[in-house]
Amino acid sequence: MSAVLREAATVALMRDRPGTEPEVLLVQRQGKDAFAGGAFVFPGGILETRDCSPEAFALCAGLRPEDAANILRTADSSERALGYFVAAIRETFEEVGILLARDSQGRSWHAHEALSAARARLHERRLDFLQWLAERGLRLAVEDLGYFAHWITPQALPKRFDTRFFLAAVDAGAAAEPDHAEVVDCRWIGPSEALAAHRAGSMRMVNATVKTLEMLVGFAGAAEARERLCSREITAIRPKAVREGNGFRVVNPWEAGYDEL
């Protein structure tokens, strides 16, 4: 019997740097994480009930639930479709302290001085994220999220996720700080550099992270990456997994032997 498939959202935060490839933010999961313990992944997490609430949608100016469903090309409820966008922003703030939000003047809050204290209270469960945003006249910058990939964890694995991947450009000065709970480290790094580190054995990654980084190589900046990647026809990628020794070997749909599994 396969594990329950849980809905999740992930964000590839990207910031430009002059003269070389843009950087993306990778976070290292704490070692006890049953799915990716010790591995470097993109920030993100599972949908929560409040992500799909009227209170959340009131903060998503410019994107209606039905619009989100069209973007994600999903037959699921439109409310859950917009919930992916909300979860992506909330989880990114919780894990690394970068908030994809704007004030009434349209100014970014990627690195506002008030974020650190609010995040600490959120982790202590003394702050309602949506209420805090509303009280400060902030709205979730859902328009900053470009949908570019959809991965579904193999049935054989003990934890499974139906994950939507988003791309978001952030200010060059946006600083990330791990929450030291789910995330123990975070690094800004070029996609090609990250892949080289993975091949060298210094940055362990799960299959979806590796393949996503490969997609992000070769762009001059975040704007070009979004224009190219988010305008494609996006279909769910469904790898399969076979047990090998104490672990699993993942086979992607385009790799030899996939159809025989």
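Taken in order, the sequence shown gives residues 323 to 583; the numbers are from our numbering. No residue lacks a Cβ here, since even glycine has one placed at the ideal position from N, Cα and C.
Fill in: Beta carbon of P476 nearer than 7 Å to that of P575
Your numbering for residue 476 matches position 154 in the sequence shown. Your numbering for residue 575 matches position 253 in the sequence shown. Not in contact: P476 and P575 (Cβ atoms no closer than 7 Å).
Discussion item. For a minimum of 4 consecutive residues, which ranges assigned as the alpha helix (DSSP H) are wholly contained in the region 416-465?
Written reply: 437-445 and 451-457
Worksheet item: What is the residue span of the alpha helix (DSSP H) that L538 lies within?
Response: One-based indexing of the sequence shown puts residue 538 at position 216. Its alpha helix (DSSP H) spans residues N529 to L538.
Discussion item. If distances are taken between C-alpha atoms only, which option among G405, L535, A478 and M537 comes closest to E566?
Written reply: Translated into positions along the sequence shown, residue 566 becomes position 244. Per the Cα distances, A478.
Practice prompt. Measure the C-alpha to C-alpha separation of E401 and V464 and round it to an integer number of angstroms.
Written response: Here the question's residue 401 lines up with position 79 in the sequence shown. Here the question's residue 464 lines up with position 142 in the sequence shown. The alpha-carbon atoms of E401 and V464 are separated by roughly 14 Å.
Worksheet item: Under three-state DSSP, which class holds G366?
Response: One-based indexing of the sequence shown puts residue 366 at position 44. Strand at G366.
Item to complete: Tell whether a beta-carbon distance below 7 Å holds between M527 and A378.
Response: For the purposes of this step, residue 527 is identified with residue 205 of the sequence shown, where counting begins at 1. For the purposes of this step, residue 378 is identified with residue 56 of the sequence shown, where counting begins at 1. Not a contact, by the Cβ cut-off of 7 Å.
Discussion item. Less than 7 Å between the beta carbons of V418 and C508, yes or no?
Written reply: Indexing the sequence shown from 1 puts residue 418 at position 96. Indexing the sequence shown from 1 puts residue 508 at position 186. It is a contact, given that the beta carbons lie within the stated cut-off.
Worksheet entry | Rounded straight-line distance, which links the Cα of I420 to that of R448 | Within the sequence shown, the letter at position 126 stands for residue 448. Within the sequence shown, the letter at position 98 stands for residue 420. One C-alpha to the other measures close to 19 Å.
Worksheet item: Along the chain, where does the alpha helix (DSSP H) that runs through H520 open and close?
Response: Locating residue 520 in the sequence shown gives position 198, where the first residue counts as 1. Segment P513 to A522, the alpha helix (DSSP H) holding H520.
Discussion item. To the nearest angstrom, how far is the alpha carbon of D425 from that of F415?
Written reply: Locating residue 425 in the sequence shown gives position 103, where the first residue counts as 1. Locating residue 415 in the sequence shown gives position 93, where the first residue counts as 1. When only Cα atoms are considered, D425 and F415 end up about 16 Å apart.
Practice prompt. Provide the residue span of the beta strand (DSSP E) that contains L327, from first to last.
Written response: As a working mapping, residue 327 is identified with position 5 in the sequence shown. L327 to R337 is the span of the beta strand (DSSP E), which, as asked, contains L327.
Item to complete: Helix, strand or coil for I411, going by three-state DSSP, please let me know.
Response: To locate residue 411, count along the sequence shown from 1; it is residue 89. Reduced to three states, the DSSP call for I411 is helix.
Worksheet item: Count the other CB atoms within 10 Å of the CB of Q453; is the residue buried (16 or more) or exposed (fewer)?
Response: Mapped onto the sequence shown, residue 453 falls at position 131. Classification for Q453: exposed.
Item to complete: Consult DSSP for E546 and reduce its assignment to one of helix, strand or coil.
Response: For the purposes of this step, residue 546 is taken as the residue at position 224 of the sequence shown. Reduced to three states, the DSSP call for E546 is helix.
Fill in: Per DSSP, the bridge partner or partners of A490
One-based indexing of the sequence shown puts residue 490 at position 168. Beta-bridge pairing links A490 to L335.
Worksheet item: Okay, do the region 364-378 and the region 405-414 touch, 3+ Cβ pairs below 8 Å being the bar?
Response: yes
Discussion item. For the pair the region 527-537 and the region 456-474, tell me if three or more CB-CB distances fall below 8 Å.
Written reply: yes
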